[in-house]
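Below: the structure, in structure tokens.
Residue numbers (my numbering), protein chains in the order written: chain R, 27 to 483; chain E, 11 to 447.
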């Protein structure tokens with residue numbers, strides 16, 4: 027199957043196609059500063075570089091109601107002035123030192139990172155510590171940056187029928203939990219975000235006892251400890267950190283449908299989503315079984331049940347897959363998607379998905395297929411070691427969503443211990459719930475866009 | 011696709027560090043195929059890159075899209091294994107094979123565990139030398155290609171670059187999308203696919219990069235194992251392309267809140283004596299990061315876009331100086347004006363000493379950091395060879411960049427940057443923008 031196609035649809039769902047998990051290596055060290063800052067060091071001396079990441083245990087799902095997008099807006103504003111540095115100086119200094127820097131926000135975390143020569147680590151810490159507590163917000167810059175994030179929403183979401191569809195699907199799946207609110211924010215709320223909103227969010231959440239420092243690369247734990255004490259040690263812990271308690275989902279008792287028509291849709295498709303448990307501290311077994319379920323049912327583009335039946339044998343699908351993200355602070359989603367070939371309706375495509383689920387539940391698991399998936403999960407550990415920055419990111423995600431170092435180090439064994447019976451039990455429990463969200467992404471019936479675009483010169 | 015080749019080749023130029031712990035070995039296999047290797051046994055796998063120079067521009071005009079379709083079929087059955095059998099075999103070894111198509115090359119990226127490397131190599135050999143091209147696989151992948159073409163026709167970024175290429179290169183293979191058209195792909199036959207396979211995958215123009223847990227001797231044997239059955243002759247490549255676009259604006263109507271603008275004019279050859287000056291110039295103009303002229307003026311100062319960049323396209327047959335951004339329909343006109351102003355400023359005045367110093371400091375500072383694991387290194391090694399860059403470039407590259415003076419950049423900016431030649435293809439519903447602005 028063409029990579030472009032699976033990558034394209036995987037991107038549409040905003041999910042990665044391979045499970046990202048951290049290795050349980052002996053060269054990982056964890057310690058805490060007195061002010062509560064959690065520090066994790068991953069040693070890898072193959073390149074003279076270091077990745078320095080500061081993760082805050084706060085994301086879009088922690089936003090006060092009515093100001094969606096504030097977590098992401100603040101992340102943008104963190105690149106502006108502090109009491110020691112003019113606006114934009116942080117990135118200029120990183121570049122001047124030959125490095126790269128960026129940041130990202132999800133529902134459960136906000137992370138800032140740089141990759142530089144290993145001997146510049148202290149400088150990165152100095153600047154990161156500065157903006158953790160000493161950000162200075164200027165009204166004119168807040169206005170300009172609000173325009174930038176609205177442009178970002180326009181580019182990432184509003185310009186993409188698939189992205190708009192996903193946004194609607196998430197909003198329908200989560201009845202009460204803020205996972206249903208887009209990270210970028212709803213446009214009408216983004217337009218009203220103020221400097222005061224940003225300031226309040228910053229003062230509430232950006233403290234060392236709400237943060238995780240991950241350093242990966244050509245450094246030793248002792249070096250990192252010394253530098254962290256020097257630069258982050260003096261920052262006091264917060265006086266009142268809120269507990270992260272999001273409004274929980276009530277039981278889902280009604281099936282929901284999302285129908286979205288847009289002239290930009292090239293390949294209509296069906297998406298079925300349902301709530302699913304995720305990795306919990308000390309309790310990761312069910313999530314591990316669901317990882318296997320997603321792979322068996324709709325992982326590989328050739329050998330998964332959905333792909334080999336619908337794409338290859340029956341030639342009814344261009345693309346059929348299952349998606350599950352095991353790492354999340356609160357229970358999240360399990361998705362099934364089917365892009366039918368022209369001529370197969372979306373109603374038929376929806377029925378095909380359930381036919382595959384029914385077949386899985388009645389026929390069970392081929393032991394050879396199961397063994398191949400287990401081997402690939404183990405091999406992924408080896409391949410993941412090749413990328414220090416990727417490891418840092420995986421560790422950060424897992425810690426920021428509430429897992430401990432022990433949970434992370436146990437995960438490979440938890441995965442290896444899953445049996446086919448475990449998977450069938452988890453599957454029955456998951457698919458027993460009839461209250462799914464089923465979405466159709468369709469072309470509009472109105473005049474179709476011309477195949478030769480109008481070109482004026 | 012211009013951007014992908016450009017990114018890969020630029021990455022190649024920037025990539026190899028002078029770091030003491032990276033050494034490139036030049037290897038020649040017993041069968042005479044050359045490869046570059048960076049050996050490192052700390053992680054038990056090897057990353058391999060095979061780049062077959064020629065690519066989708068080798069398509070016969072009557073069979074546009076054949077190379078692209080063929081590369082999509084290589085993993086769909088080989089030897090005695092049908093599509094599922096091949097996939098199961100590959101998954102059982104936890105190997106990964108990625109087959110990709112570009113205008114100037116088709117590429118194979120492979121990762122193999124040390125513990126089963128020979129079996130993985132045999133499987134890859136089968137895919138490259140004995141693909142089945144079964145009728146049902148052809149129909150299935152043809153359907154996928156048609157879906158991609160359909161999707162591209164509704165993707166403003168794809169429309170922008172495709173329109174630009176068609177206007178710039180006309181009938182030359184660069185003027186056509188490598189996927190082909192709905193009509194041309196519907197008409198492709200199994201013979202077309204076989205012909206594309208014979209033309210694109212040969213030993214004659216292959217470059218090989220390898221990184222990871224393997225010795226030079228083992229690599230030589232592995233390469234012959236994988237490539238030894240391929241033909242030794244390759245067909246000629248098309249000649250250079252003339253850049254036929256003049257300055258101006260082309261608007262493609264597309265309903266969307268944003269417009270995508272793809273812009274540029276002719277560029278500079280990789281082996282031009284002024285190449286490094288142009289390279290530094292582009293870094294200042296719109297290379298990565300937030301400090302570039304374009305990002306500063308268009309995003310930071312005026313909030314007109316989420317991202318804007320420029321790049322030197324080093325496409326083998328026609329270099330370009332190109333860029334892209336997206337803006338809301340009501341802002342794109344202003345953004346274009348700002349881009350043209352900056353272009354004119356650089357052409358007339360060059361850059362400041364501060365800008366030059368910052369660019370050189372960044373480029374030389376980040377160079378040793380480019381190594382980002384075996385997979386990246388292997389790709390860099392292949393890209394360098396495909397561009398005829400010698401191994402010792404690794405040691406000299408920073409010196410070339412540091413040698414660029416303010417006067418060099420001024421001269422090259424005056425020579426290269428022609429604001430009146432800039433053509434903007436704008437896909438969207440830009441307000442207040444009439445063609446010919």
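For every residue, glycine included, the Cβ atom is placed at its ideal position computed from N, Cα and C.
Item, Value
"Cβ-Cβ separation, residue 269(E) to residue 56(E) (assumed contact under 8 Å), whole Å", "About 45 Å separates the two Cβ atoms, so there is no contact after all."
"Within-8 Å CB hit, residue 436(R) to chain E", "no"
"First through last residue of the alpha helix (DSSP H) which encompasses residue 60(R)", "Here residue 60(R) belongs to no alpha helix (DSSP H), and DSSP marks it neither H nor E."
"Reference residue 342(R), options 365(R), 352(R), 305(R), closest by Cα", "365(R)"
"Endpoints, beta strand (DSSP E) assigned at residue 201(R)", "That residue, residue 201(R), is in no beta strand (DSSP E); it is neither H nor E in DSSP."
"Supposed close pair residue 388(E), residue 58(E) - CB separation, criterion 8 Å", "6 Å"
"Length of the line joining the Cα atoms of residue 97(R) and residue 163(R)", "15 Å"
"Identified DSSP bridge partners for residue 275(E)", "331(E)"
"Interface positions of the stretch 262-287 of chain E facing chain R (Cβ-Cβ less than 9 Å), listed along the chain", "262, 263, 264, 265, 266, 267, 268, 270"
"Interface residues of the stretch 82-98 of chain E facing chain R [CB-CB below 7 Å]", "82, 93, 94, 97, 98"
"Chain E contact residues for residue 442(R), given Cβ-Cβ distances below 8 Å", "Residues of chain E passing the Cβ test: none, with the nearest at roughly 14 Å."
"Residue 257(E) versus residue 467(R) - alpha carbon distance", "40 Å"
"Alpha-carbon spacing of residue 4(R) relative to residue 82(R), whole angstroms", "Past the boundaries of the shown model lies residue 4(R); chain R is included only from 27 to 483, so the question cannot be answered."
"CB contact check: residue 372(E) to chain R, cutoff 8 Å", "yes"
"Residue 124(E) Cβ short of 7 Å to the ligand NAD heavy atom set", "In the structure on display, the ligand NAD does not appear, and there are no ligands present to speak of."
"Counted within 10 angstroms of its Cβ, other Cβ atoms place residue 285(R) as buried (16 or more) or exposed", "exposed"
"Under 8 Å between C-beta atoms of residue 293(R) and residue 354(E)", "no"
"Rounded C-alpha distance that separates residue 461(R) from residue 283(R)", "10 Å"
"Chain R contacts made by the stretch 300-333 of chain E, where a contact means CB separation under 9 Å", "300, 301, 306, 309, 310, 311, 312, 313, 314, 315, 316, 317"
"DSSP three-state assignment for residue 52(R), whether helix, strand or coil", "Unreliable positioning characterises residue 52(R) in this predicted model, as indicated by a pLDDT of 49, which lies under 50. A coordinate reading is not provided."
"Start and end residues, alpha helix (DSSP H) containing residue 456(R)", "446-457"
"Cutoff 8 Å: residue 439(E) Cβ touching any chain R Cβ", "no"
"C-alpha gap between residue 346(R) and residue 290(R), whole angstroms", "21 Å"
"Cβ shell of residue 260(E) (< 6 Å), same chain only, five flanking positions each side left out", "435"
"Any C-beta of chain R under 8 Å from that of residue 154(E)", "yes"
"DSSP three-state assignment for residue 264(R), whether helix, strand or coil", "coil"
"Three-state secondary structure assigned by DSSP to residue 104(R)", "coil"
"Status (buried if at least 16 other CB within 10 Å, exposed otherwise) for residue 354(R)", "buried"
"Three-state secondary structure (DSSP) of residue 326(R)", "coil"
"Residue-level contact to chain E via CB, residue 385(R), 8 Å cutoff", "no"
"Extent of the continuous beta strand (DSSP E) run through residue 249(R)", "No beta strand (DSSP E) contains residue 249(R), which is instead part of the alpha helix (DSSP H) from 247-257."
"Straight-line gap, residue 108(R) to residue 158(R) (C-alpha atoms, nearest Å)", "9 Å"
"Nearest-angstrom Cα separation, counted from residue 142(R) out to residue 328(R)", "40 Å"
"Nearest-angstrom Cβ-Cβ length linking residue 43(E) and residue 213(E), presumed shorter than 8 Å", "6 Å"
"Straight-line gap, residue 181(R) to residue 272(E) (C-alpha atoms, nearest Å)", "15 Å"
"Local conformation of residue 60(E) per DSSP, three classes", "strand"
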